[in-house]
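**Student:**
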């Protein structure tokens with residue numbers, strides 16, 4: 017069913033894509049080839065969405081946004097096309113051309129005026145494409161992109177996700193910024209509000225309603241850094257209790273409506289993704305309350321359940337899940353047994369975003385170091401460690417977002 021829809025949409029939009037590309041001034045033949053690959057082959061987006069059923073729809077959205085803003089999105093789309101094409105091979109390639117397109121797209125993003133909700137959608141699309149390409153080609157600078165876009169667009173866009181179909185990049189940017197804020201114990205810019213009728217997110221699937229609670233946990237984590245007042249501590253503990261009471265019984269809604277939209281493999285992945293994000297939120301809240309060495313048995317239960325769920329989904333479907341990096345890292349740091357740690361390191365390439373080999377390598381180094389710190393009683397919480405699951409490099413062209 018999904019394959020049939022993809023072919024139909026591909027046939028429908030192929031002539032329009034050719035028309036769009038012919039309108040672009042100074043487009044080189046190799047650039048036209050890259051954009052044709054990105055905009056006319058749904059399978060090219062396999063690393064970019066959670067399930068194949070999203071590929072055709074997202075490609076249609078690419079085409080619509082591209083036709084509406086040819087000069088503004090061209091370089092970002094070219095960088096994205098290169099990284100997507102390279103992700104389909106195991107060959108290490110030169111990133112020179114990708115970086116050149118990224119830098120030009122960053123200049124566009126920096127100078128882009130955002131004066132309306134339509135401008136905000138365009139800004140988020142440009143930022144999302146850049147975040148994806150930078151993660152793949154360079155490995156650093158993504159949080160700068162996310163904060164710039166979210167900080168710029170928030171005044172012009174409702175915080176509800178009623179526009180998720182037309183502005184899918186917003187939830188992606190929020191997810192990336194939330195992950196960074198969790199690691200560095202900072203406050204995220206935006207707490208997204210999810211209506212009951214929200215559509216299935218093309219990356220976060222069914223678990224988008226859990227994202228606001230990850231935001232709240234980041235805020236609590238930041239508040240706990242230097243808290244000494246007993247009353248403030250009690251209030252934060254109450255907030256942790258409230259989050260637990262909501263997240264613990266949470267289940268995805270409208271499951272009966274999804275059977276006709278997704279095949280069995282996709283349903284397994286969507287349900288598993290929702291479960292590990294729920295367990296990840298519970299485990300994160302637990303560690304904000306109890307440091308290493310306290311209530312470790314409950315942390316171990318949730319951790320092993322997350323790892324088992326990821327393994328089972330891969331084993332049954334023979335396909336790796338997408339966009340489960342956050343709950344995987346939250347669970348992985350809890351491993352105490354040597355055999356389990358070895359297995360988790362082997363799982364990194366399947367569970368950490370495939371489009372970012374930099375993040376995969378950094379995660380392996382981070383886990384090895386945090387386990388060593390924990391064994392030597394050098395840290396009480398993994399997010400307090402001097403080591404971070406992020407590539408240790410300098411951000412490119414950081415001055416783009418100064419002033």
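Residue numbers (this note's numbering): 17 to 419. All C-beta atoms, glycine included, are put in the ideal place defined by N, C-alpha and C.
Using the DSSP secondary-structure output, state which residues sit across from residue 221 in a beta bridge.
**Tutor:** In the DSSP assignment, the residues bridged to residue 221 are 217.
**Student:** Assuming residue 115 contacts residue 219 under a Cβ cut-off of 8 Å, what Cβ separation, rounded to an integer in Å, is found between them?
**Tutor:** In fact, because the Cβ distance is near 24 Å, the residues do not count as touching under 8 Å.
**Student:** From residue 68 to residue 56, what does the alpha carbon distance come to, in whole angstroms?
**Tutor:** 15 Å
**Student:** Rounded to a whole number of angstroms, what is the C-alpha to C-alpha distance between residue 192 and residue 304?
**Tutor:** 20 Å
**Student:** Can you check which of these residues, 200, 88, 366, 135, is closest to residue 123 by C-alpha distance?
**Tutor:** Taking only the C-alpha atoms, the option nearest residue 123 is 88.
**Student:** According to the neighbour-count rule (16 or more other Cβ atoms, all chains shown, within 10 Å of its Cβ), is residue 152 buried or exposed?
**Tutor:** Buried is the label assigned to residue 152, since at least 16 other Cβ atoms lie within 10 Å of its Cβ.
**Student:** At the level of alpha carbons, what is the spacing between residue 422 and residue 239?
**Tutor:** Missing from the structure shown is residue 422; the chain here goes from 17 to 419 and no further.
**Student:** Measure the Cβ-Cβ separation of residue 299 and residue 378 and say whether it is below 9 Å.
**Tutor:** No, these two residues do not count as a Cβ contact at 9 Å.
**Student:** Could you check if residue 389 is buried or exposed, using at least 16 other CB atoms within 10 Å of its CB as the buried criterion?
**Tutor:** buried
**Student:** Classify residue 163: buried if its beta carbon has 16 or more other beta carbons within 10 angstroms, exposed otherwise.
**Tutor:** buried
**Student:** Kindly indicate which residue of 141, 101, 94 has the alpha-carbon position closest to the one of residue 84.
**Tutor:** For the options 141, 101, 94, the alpha carbon positioned closest to that of residue 84 is the one of 141.
**Student:** Indicate the three-state DSSP secondary structure (helix, strand or coil) for residue 209 in the structure shown.
**Tutor:** strand
**Student:** Got a sec? Which residues, its chain only, sit under 6 Å from residue 188 by beta carbon, not counting five neighbours each side?
**Tutor:** 144, 219
**Student:** Buried or exposed: where does residue 353 fall if 16 or more other Cβ atoms within 10 Å of its Cβ makes it buried?
**Tutor:** exposed
**Student:** Can you give the Cα-Cα distance for residue 184 and residue 217, rounded to whole angstroms?
**Tutor:** Cα-Cα distance, rounded: 7 Å.
**Student:** Taking 7 Å as the limit between beta carbons, can you name the residues of its chain near residue 398, skipping five residues before and five after?
**Tutor:** 349, 386
**Student:** Please go through the same chain and pick out, in chain order, the residues whose beta-carbon is closer than 8 Å to the beta-carbon of residue 315, but skip the five residues on each side of it.
**Tutor:** 299, 302, 303, 306, 350
**Student:** In this structure, how does DSSP classify residue 324 when only helix, strand and coil are distinguished?
**Tutor:** helix
**Student:** The alpha helix (DSSP H) with residue 270 in it runs from where to where?
**Tutor:** If you look at residue 270, you'll find it isn't in any alpha helix (DSSP H); DSSP assigns it neither H nor E.
**Student:** Please state the DSSP three-state secondary structure of residue 244.
**Tutor:** Residue state, collapsed to three classes: coil.
**Student:** Along the chain, which unbroken stretches of the alpha helix (DSSP H) at least 4 residues long are found entirely within the stretch 133–206?
**Tutor:** 133–153, 158–169, 185–200
**Student:** In the stretch 338–384, which residue ranges form an unbroken alpha helix (DSSP H) of at least 4 residues, counting only runs that do not cross its ends?
**Tutor:** 341–348, 354–367
**Student:** One question on the structure: do residue 256 and residue 236 come within less than 9 Å of each other, judged by their Cβ atoms?
**Tutor:** yes
**Student:** Alpha carbon to alpha carbon, how far is residue 405 from residue 158?
**Tutor:** 14 Å
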